[in-house]
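What follows is a single structure, written as structure tokens, with notes after it.
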Amino acid sequence: MRGREYLTSLLFLLVFSQIKCENCMKLDISITQKVENEGFHRDVRWLLETTNPNNTDWIQSGCKLAVHINVNAGMFVSKDQLAELNRNSTILIRVDGNVNIETAAHDSTAHIAYIYLPQDEIERIMFSLPIHLRYQRAQITGKYGKVYLDKPTVLVRCPADINLCGKRRPILEAPCSFASVNKCQWRNTTYQALFQDVEMFVPIGDLDDYPLVSIVSLLLGCAGCIYVLSILSTTPI
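Note that the numbering used here gives residue 122 to position 122 of the sequence shown, counting from 1, and the numbers run on in steps of one.
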């Protein structure tokens, strides 16, 4: 009797799982990434594309999509610059964390950028994030240091009656929206990354040049003071 009850329960679970999978919404996402510009100021551009769902099914589902990016201490995102970009854009970007644009990499902390994508489109979305590399501590060898760009994390938040296909997805707490002070539970969804890991190079000062730089800086400072004093001495009171 117990064996028969066990088989009945197992059969019920299999049928229920099959029905649940058939009624789920499938997310097939691929992302292309490109880093533009050289030097300390870069633009990271992404192209997000989906084959499932289409725009109509996505709008009807009521789900929302966002991108979570870890900005390590070797770079920063300017909140003032984002305020200008967000003013006339449907793609909104917010930064959580303390951002000091004047400190070097070894005196800085990491922060997080959230990119909230439009709710009326999912088949093809282009978005970008301006980043700025920080100065790094001078070394004896000098030359160049490396700054690694972490891959973005795609977050999706759906109504309670919408089930996402696939394996159980990890949950991450993030701001509910661009301007929200509350946090919601977002699901970390997988995607196909059509790009390689990115490492960016930043110039590093050479400690062997320290004496020369100090002497030149002192001479330039003295020359500037002499010039200012000469102007002041010839100016009539």
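C-beta: ideal position from N, C-alpha, C; glycine also. Small disclaimer: the values here were computed from a predicted structure and weren't measured.
Just how far apart, CA to CA, sit Tyr114 and Ser180? 12 Å
Could you give the residue range of the alpha helix (DSSP H) that holds Thr56? 55-61
Considering only the alpha carbon of each residue, which of Phe40, Gly221, Ser78, Ser230 lies closest to Arg94? Ser78
Inside the segment 65-139 only - beta strand (DSSP E) runs reaching at least 3 residues: 92-96, 111-116, 124-133
Same chain only: Cβ atoms within 6 Å of Pro152, ignoring 5 sequence neighbours per side: Val67, Ile69
Quick one: Cα of Asn163 to Cα of Leu117, how far? 20 Å
State the Cα-Cα distance for the pair Cys176 and Lys183, rounded to the nearest angstrom. 5 Å
Are the segment 76-90 and the segment 54-64 in contact at 8 Å, needing three or more beta carbon pairs? no
Per DSSP, which one or two residues make a beta bridge with Glu173? Gln185
Pairwise C-alpha distance: Gly224 and Leu232: 12 Å
Against chain C, does Leu65 count as a neighbour if the rule is that its beta carbon must be under 7 Å from one of theirs? No chain C appears in the structure shown, which is made up of a single protein chain.
For Leu218 and Glu123, the rounded distance between their alpha carbons: 59 Å
Determine the direct distance from the alpha carbon of Val147 to that of Leu10, and round the result to whole angstroms. Low confidence applies to Leu10: its pLDDT is 39, below 50, so where it sits in the model is not reliable, and the reading given next is rough at best. Leu10 and Val147: Cα-Cα distance of roughly 52 Å.
By Cβ distance below 7 Å, which residues in the same chain neighbour Tyr191 in space, the five residues on each side in sequence not counted? Ile29, Ser30, Ile31, Val154
Only counting the same chain, and skipping five residues up and downstream in sequence, which positions put a Cβ closer than 8 Å to that of Thr103? Arg134
Just how far apart, CA to CA, sit Val228 and Ala83? 39 Å
Cutoff 6 Å; reference Met200; Cβ partners in own chain excluding five residues on either side: Val147
Span of the beta strand (DSSP E) holding Leu166? For the sequence presented, residue 166 should be read as Gly rather than Leu. That residue, Gly166, is in no beta strand (DSSP E); it is neither H nor E in DSSP.
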